[in-house]
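A short write-up of the structure that comes next.
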Amino acid sequence: DVVNKHREVIYNERRKILSGADIKSNIQSMIADEIKRLVGSHLAADQREDWDLEGLASEVSAIMPLPPSLSVSALREMGRGEIGEKLVEHANSLYEQKEQEIGADNMRILERLVMLRTIDRLWVDHLTATENMRQAIGLHAIGHRDPLVMYKQEGHAMFQSLLSSIEHDVAHTIYKVTIAKEGAPVSPMAEAARRMGVKLMAGFS
Numbered sequence: 365d366v367v368n369k370h371r372e373v374i375y376n377e378r379r380k381i382l383s384g385a386d387i388k389s390n391i392q393s394m395i396a397d398e399i400k401r402l403v404g405s406h407l408a409a410d411q412r413e414d415w416d417l418e419g420l421a422s423e424v425s426a427i428m429p430l431p432p433s434l435s436v437s438a439l440r441e442m443g444r445g446e447i448g449e450k451l452v453e454h455a456n457s458l459y460e461q462k463e464q465e466i467g468a469d470n471m472r473i474l475e476r477l478v479m480l481r482t483i484d485r486l487w488v489d490h491l492t493a494t495e496n497m498r499q500a501i502g503l504h505a506i507g508h509r510d511p512l513v514m515y516k517q518e519g520h521a522m523f524q525s526l527l528s529s530i531e532h533d534v535a536h537t538i539y540k541v542t543i544a545k546e547g548a549p550v551s552p553m554a555e556a557a558r559r560m561g562v563k564l565m566a567g568f569s
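Numbering (our numbering), first residue to last: 365 to 569.
Written as structure tokens, this is what we have:
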């Protein structure tokens, strides 16, 4: 039942994507949430001198390139809230720029491809992890804890981790890939792209 609930959520999301639902705002929200998480992590200290601006800039640069106006020295002149706001604004600006470069229709296709590939890969990992947990959960009985209760609790935590991983990976992928009208690829995801007249290019490991 626990895994079935997870499956229902994931499959509902996949169906929405495959049906052609507009997920642009969803992906932009994922990017914004990931940036805010990084800001919260690196700028958690009360004292500005304890902020890890270098670490923040490095991790955000792994998502998207940063302009000189958002260099470490520039960030030092801003407050925590302004830093988060400026980084999200830049992310949205880059997103619109990318959409203009490849075209709105191609961007919608790219969004679906990135989301589906990310969800499918991480969902397989999640199923493996939950199966391993199921096999080991009986050990909790030794500590006089109800294995079913522990399975539900750990399963919930793992599912939240899955959702966070999807958000993280989408944010770290969407700016690094593009599509181009050319040859027919062979993978299932690329075959889906071929049917839409495009080929996914670059960046996936």
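We put the beta carbon where it would ideally sit given N, CA and C, even for glycine.
Buried versus exposed call for residue i [16 or more other C-beta atoms within 10 Å across all chains shown]
| i | result |
| --- | --- |
| G567 | Residue placement at G567 cannot be trusted, given a pLDDT of 42 that sits under 50; what the coordinates show is reported in the next sentence. G567 is exposed by the Cβ-count criterion. |
| G519 | buried |
| A548 | Legend: pLDDT at A548 = 41, less than 50; position of this residue unreliable, value from coordinates given subsequently. Exposed: under 16 other Cβ atoms inside 10 Å. |
| R481 | buried |
| D533 | buried |
| R412 | exposed |
| R476 | buried |
| V478 | buried |
| G448 | buried |
| H370 | buried |
Same chain, Cβ closer than 7 Å to residue i, neighbours up to 5 away in sequence not counted
| i | result |
| --- | --- |
| M565 | The predicted position of M565 is uncertain, since its pLDDT is 43 and thus under 50; a value taken from the coordinates is nonetheless stated next. These residues qualify, in order along the chain: V541, T542, I543 and A544. |
| I501 | P511, M514 and Y515 |
| D489 | none |
| S529 | L486 |
Contact under 8 Å by Cβ, residue i with residue j
| i | j | result |
| --- | --- | --- |
| A455 | A396 | yes |
| V621 | L451 | Beyond the ends of the chain as shown, which are 365 and 569, falls residue 621; an answer cannot be given. |
| I483 | R378 | yes |
| E531 | M394 | yes |
| L420 | R440 | no |
| E398 | A535 | yes |
Expected contact under 8 Å - CB spacing of residue i and residue j to nearest Å
| i | j | result |
| --- | --- | --- |
| A493 | M522 | 6 Å |
Own chain partners of residue i with C-beta closer than 8 Å, once the 5 adjacent residues on each side are dropped
| i | result |
| --- | --- |
| W487 | I374 and L526 |
| E466 | What sits at residue 466 in the sequence shown is Ile, not Glu. L474, T542 and I543, listed in sequence order. |
| V436 | L417, E418 and A421 |
| Q392 | A455, N456 and Y459 |
| M442 | K450 |
Residues near residue i by beta carbon distance below 6 Å, same chain, minus five either side
| i | result |
| --- | --- |
| E372 | none |
| R444 | L407 |
| K400 | G448 |
Three or more C-beta pairs closer than 8 Å, one from the segment 510 to 519 and one from the segment 394 to 409: is that the case here?
no
On the three-pair Cβ rule with 8 Å, is the segment 380 to 388 touching the segment 413 to 420?
no
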